[in-house]
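Protein chains in written order, with the working numbering: chain A, 1172 to 1387; chain B, 1172 to 1387. Heads up, the beta-carbon is just placed ideally off N, CA and C, and yes, glycines get one too. Remember, it's a predicted structure, so these values are computed and weren't measured experimentally.
2 protein chains.
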Amino acid sequence: MNSNSSSSPKVPIPTLERLATYLRFLIDLEAAQVETISSTDVEKQTGINAAQFRKDLSYFGEFGKPGVGYNVLELQARIARILKIDQLQPIMVIGAGNLGSALIGYPGLTEHKFHIAAAFDRDPAKIGRPQGDLVILNEADVREVNAEIGARIAIICVPAAAAQEVADTAILAGVRVILNFAPIILKVPERIVVRNVSFLQELAVLSYHLSGESQK
Amino acid sequence: MNSNSSSSPKVPIPTLERLATYLRFLIDLEAAQVETISSTDVEKQTGINAAQFRKDLSYFGEFGKPGVGYNVLELQARIARILKIDQLQPIMVIGAGNLGSALIGYPGLTEHKFHIAAAFDRDPAKIGRPQGDLVILNEADVREVNAEIGARIAIICVPAAAAQEVADTAILAGVRVILNFAPIILKVPERIVVRNVSFLQELAVLSYHLSGESQK
DNA sequence: TGGAACCTGTGATGAAATTCACAATCGCTT
DNA sequence: AAGCGATTGTGAATTTCATCACAGGTTCCA
Ligand SMILES: NC(=O)c1ccc[n+]([C@@H]2O[C@H](COP(=O)([O-])OP(=O)(O)OC[C@H]3O[C@@H](n4cnc5c(N)ncnc54)[C@H](O)[C@@H]3O)[C@@H](O)[C@H]2O)c1
Ligand SMILES: NC(=O)c1ccc[n+]([C@@H]2O[C@H](COP(=O)([O-])OP(=O)(O)OC[C@H]3O[C@@H](n4cnc5c(N)ncnc54)[C@H](O)[C@@H]3O)[C@@H](O)[C@H]2O)c1
């Protein structure tokens, strides 16, 4: 049921997930004026196995120098390139409620070259309201607006009952990948990639780990 | 770097994650007044492989009846029990900014028997302010307050720079597992389980999938 | 009562991801 | 210019996870 549409050498999804972690880490290293880092340093500071780090990178070429390590700035740039966030990546947010608003105001996105180009809602009370740098637009105009901004990423922050519908709309408007916060499994065409974020799922796993001896 | 501190029969983490999905699904089925469901139905409606579903459950005993399937209510109850959310599970939220506020107001938590018992912040402008059913408390009082409420789960919604510090505080206050939203890798004792939620990571994976031929 | 349709639980098998382990390379020191 | 410690990149080994496939239950109906 999955998504490896194009690329040839089949990069593991967990590798991609870690890539984002590395990028974050490298940005912090840059801020700390570290110029070079070795895979063992990475392991010490992030807990990610050194060989794992090297292998992850090896899917995309050679990045380091034996005996020395990796140049922080260069590696940062190359990872950004791989993830296609070396230049601003436009995103649309659908649903400007509690969660959508938090995202719209989140500066971390910009730091990683994600740019919320438009936010939509269906509630007349919200449409037209300024929110951060944006004005909330009418969800009915998704298609028309996206013809201009060309977002291929949509973030869905509407209630579960509306999620499938707005996903369909977004796809019609040219969106190719979706980050879904609604607790529902979206049905989408093969070519569309969806990732779900579920706080409940995370909490459930944690709760499970509250092992046997409840009070101590 | 990881978390499988205790349990004996070694349940795969992905299984635990799916358990929460099943629970959500079963709640929706209950609302739709479905009484019984088979693993093949689950596959049809969620996309999760039927054998996977059965195997996931098999780690915890036998739940179904051959030829019939699973009783929705019973399975729901048993999964909730496994995940320790069969009765209200108290949680503390630290950081009542954009994200923390969204969580505090999120009704989905209650539906899954998670209960935000207290929310803390350090900003004097926020302390004392009502928020949903709660009043924001002073972060300096985490320990004292938790002696009363006994939360073992903490959700960290403070800026990265403060995250390690509040994690330490939470652990001192008796917290055993942490859901961390700050983009930083927390250093915690072995026995503490941490899960990180990173929107940036999710977006990065999606962005990667915007394959080759950029404009169409 | 017997047989067909339908399901579960699980050992066996296969696929994917992680980790190991080592030859090859680099820069420094003498 | 040769030797050494550090570090990379990557096949091979290992571990973890997903799927297959089937022996047994269960129900229904004739
Ligand atoms: N708030 C949280 O902490 C949280 C946590 C996890 C998951 N979620 C999920 O995220 C989603 C949004 O949560 P929230 O708390 O922001 O809810 P919310 O009710 O605050 O916001 C939902 C917004 O979507 C808008 N909306 C409804 N139908 C729409 C449509 N068809 N088109 C466009 N906009 C539409 C509403 O007007 C509202 O502004 C929900 O599915 C929720 O389950 C929220
Ligand atoms: N907003 C988002 O959409 C989003 C998305 C992903 C990740 N995050 C991460 O979540 C965290 C919170 O994000 P946010 O948008 O809510 O930020 P925010 O600035 O709106 O809120 C942070 C809150 O933490 C409080 N705080 C700071 N130091 C504290 C301390 N020591 N103890 C207690 N409270 C303290 C601040 O007073 C503030 O109220 C950040 O780490 C951010 O990177 C946010």
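Annotation for B/Leu1308: no alpha helix (DSSP H) segment contains it, though the beta strand (DSSP E) segment containing it runs 1305–1309.
Within the DSSP secondary-structure output, B/Asp1199 pairs in no beta bridge.
Collapsing the DSSP output to three states places B/Ile1349 in a strand.
Within 8 Å of the CB of A/Val1306, no CB atom of chain B is found; the nearest one sits about 18 Å away. Rounded to the nearest angstrom, the gap between the Cα atoms of B/Pro1360 and A/Ile1307 is 44 Å. Against A/Gln1372, the close residues of chain B are Glu1188, Ala1191, Thr1192, in the order they occur along the chain (beta-carbon pairs closer than 7 Å). Taken through DSSP and simplified to helix, strand or coil, A/Ala1344 comes out as coil. In the structure shown, A/Gln1216 falls within a helical segment according to DSSP collapsed to helix, strand and coil.
Taking each of A/Leu1246, A/Asn1220, A/Phe1231 in turn and checking the Cα distance to A/Ile1208, the smallest one comes out for A/Leu1246.
Rounded to the nearest whole angstrom, the C-alpha separation of B/Val1364 and A/Phe1196 is 21 Å. Within the same chain, Cβ atoms closer than 7 Å to the Cβ of A/Leu1343 are found at Arg1314, the five residues on either side in sequence being excluded.
In the DSSP annotation of this structure, A/Arg1293 is not part of any alpha helix (DSSP H), being labelled neither H nor E. Around the beta carbon of A/Arg1362, fewer than 16 other beta carbons sit within 10 angstroms, so the residue counts as exposed. Look at the region 1273–1291 of chain B: the residues with a C-beta under 8 Å from a C-beta of chain A are Ala1273, Leu1274, Gly1276, Tyr1277, Gly1279, Leu1280, His1283, Phe1285. Look at the region 1325–1348 of chain A: the residues with a C-beta under 9 Å from a C-beta of chain B are Ile1326, Ala1331, Gly1345, Arg1347, Val1348. Its chain contains Ile1250 as the residues whose beta carbon lies nearer than 6 Å to that of A/Leu1194, once the 5 sequence neighbours on both sides are disregarded; these appear in chain order. For B/Gln1260, the neighbours in chain A by C-beta distance under 9 Å run, in chain order, Leu1374, Ser1378, Leu1381. Collapsing the DSSP output to three states places B/Gly1271 in a helix. Remark: three or more beta-carbon pairs, one from each stretch, lie closer than 8 Å, so the region 1263–1279 of chain B and the region 1317–1328 of chain B are flagged as touching. Taken from the Cβ of B/Val1329, every heavy atom of ligand 1 lies 8 Å or farther away.
At a cut-off of 9 Å between beta carbons, A/Lys1236 makes no contact with chain B. Using a Cβ-Cβ cut-off of 9 Å, A/Ser1210 does not count as an interface residue toward chain B, since no Cβ of chain B sits closer than that to its own.
Remark: the shortest separation between the CB of A/Leu1270 and any heavy atom of ligand 1 falls under 8 Å. B/Leu1374 and A/Ile1324 do touch by the CB rule: their CB atoms are close to 7 Å apart, below 8 Å. Not one heavy atom of ligand 1 falls within 8 Å of the beta-carbon of B/Arg1195. Straight-line spacing of the CA atoms in A/Val1348 and A/Val1337 works out to 13 Å. DSSP places B/Arg1314 in no beta strand (DSSP E) but in the uninterrupted alpha helix (DSSP H) bounded by 1313–1320. If you ignore the 5 residues before and after A/Ala1341, its C-beta comes within less than 6 Å of the C-beta of Ala1325, all in its own chain and listed in chain order. Here A/Ile1265 is not near A/Ala1296, since their CB atoms are 9 Å or more apart.
Set against 8 Å, the gap from the CB of A/Leu1274 to the closest heavy atom of ligand 2 is smaller.
A/Lys1358 and A/Glu1282 have their C-alpha atoms spaced approximately 32 Å apart. Looking at the backbone, the Cα of B/Val1213 and that of B/Asn1220 are separated by about 8 Å.
Scanning the region 1229–1283 of chain A from its first residue to its last, the whole beta strand (DSSP E) runs of 3-plus residues come out as 1260–1265. Taking the Cβ of B/Asp1292 as the reference point, at least one heavy atom of ligand 2 falls within a distance shorter than 8 Å. Under the Cβ distance rule, A/Leu1246 does not count among the residues neighbouring chain B, no pair being separated by less than 9 Å.
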